[in-house]
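This report concerns only the one structure given below.
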Amino acid sequence: MQISPSLLAADFAHLHREIEMINTSEADMLHLDVMDGVFVPNISFGFPVLNAVGRLSTKPMDVHLMIVEPQKFISQVRDCGAAIMNVHQEACTHLDRTIHEIKAAGMKAAVTLNPSTPVGMLEDIIAELDMVLLMSVNPGFGGQSFIQNTLAKVRRLKELISSSDSKALIEIDGGVNLTTGRMLAEAGADILVAGSFVFGSPTPHEAINSLKAL
Ligand code: DX5
Ligand code: ZN
140 MQISPSLLAA DFAHLHREIE MINTSEADML HLDVMDGVFV PNISFGFPVL
190 NAVGRLSTKP MDVHLMIVEP QKFISQVRDC GAAIMNVHQE ACTHLDRTIH
240 EIKAAGMKAA VTLNPSTPVG MLEDIIAELD MVLLMSVNPG FGGQSFIQNT
290 LAKVRRLKEL ISSSDSKALI EIDGGVNLTT GRMLAEAGAD ILVAGSFVFG
340 SPTPHEAINS LKAL
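Oh and the sequence shown: position 186 is 325 in the numbering used here, straight run, nothing missing.
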């Protein structure tokens, strides 16, 4: 299993130390949650923080944009050093164009689905995607409980990917811990995002390793 710890749960008064902790861990990526207070009912951080993290992180940056009109910020996200840009299907009127622009900017393209958005919405774009991020909580906050229906969505997405000649990886975000992580591994997830489970642990490297071993 690949692991992408979510910086949202880090101690922002000691960001340098928290990023060093991830740099020296077995994490595969670093997940960064950008919120605008419009697409989701919360505000997190923006480009000044993303740029600073980009200078410190040795892990690929997995940027999750919970914002309206994410297509306006493709070059800015790339300039922060992002490896993967996640845009919400619900926020993109011209998703095909946006996905092609993300790839043309040199990043991997991922589409995120809210818990109530069916996997079938991706039928005509799945072949173009590097990754699909399924939200297993309603986006906007860390520390929420895992929505069980995500397991069935992972299985449906796996079917869609294999029937469409797509190479997309399946990433899950929200309420991930050892119990939900084990179920997600069985259902076919490739990458787990984990905020509270990693940064809230007294032994974050062990928390990452325990998820990786699933
Ligand atoms: C929620 C964010 C998540 C969040 C996950 O809107 O997209 O990435 O940080 O936090 P946990 O792992 O605590 O549910
Ligand atoms: Zn996220």
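Glycine is no exception: its CB is placed at the ideal position from the N, C-alpha and C atoms.
A quick note: this is a predicted structure, and the numbers were derived from the prediction, not measured.
Residue i Cβ short of 8 Å to the ligand DX5 heavy atom set
i    : result
L147 : yes
G176 : no
Q283 : yes
M168 : no
Opening and closing residue of the beta strand (DSSP E) in which residue i lies
i    : result
K198 : Note, K198: premise wrong, no beta strand (DSSP E); not H, not E.
A333 : 330-333
Q141 : 141-144
N225 : 221-227
Supposed contact pair residue j and residue i - C-beta distance, whole angstroms, cut 8 Å
i    : j    : result
M246 : R217 : 6 Å
V258 : K292 : 6 Å
Any non-hydrogen atom of the ligand ZN closer than 8 Å to residue i Cβ
i    : result
M205 : yes
L350 : no
P341 : no
V332 : yes
P180 : no
Close-in-space but distant-in-sequence residues of the same chain around residue i (CB under 8 Å, 5 per side omitted)
i    : result
A148 : G281, G282, G334, S335, V337, F338, G339
S284 : V276, G314
Q215 : F186
K198 : I161, N162, A166, D167, M168, L169
Contact set for residue i: own chain, Cβ-Cβ below 6 Å, skip 5 residues either direction
i    : result
Q210 : T237
N316 : F336
I311 : L273, S275, L323, A328, L331
R109 : The chain is shown from 140 up to 353; residue 109 falls before or after that span and cannot be answered.
Alpha helix (DSSP H) segment containing residue i, residue limits
i    : result
M322 : 317-326
N181 : Segment: none, N181 is in no alpha helix (DSSP H) and carries neither H nor E.
M174 : Per DSSP, M174 belongs to no alpha helix (DSSP H); it is in the beta strand (DSSP E), 169-174.
N348 : 343-351
A291 : 289-302
I265 : Here I265 belongs to no alpha helix (DSSP H), and DSSP marks it neither H nor E.
V216 : 213-218
T237 : 234-243
Residues of its chain near residue i, where Cβ-Cβ distance is below 7 Å and the 5 sequence neighbours each way are ignored
i    : result
E229 : N253, T256
For residue i, the nearest candidate out of the options (CA to CA)
i    : options                : result
A221 : T232, F186, H233       : F186
S183 : L195, S301, G279       : G279
I265 : Q287, L308, T232, E157 : L308
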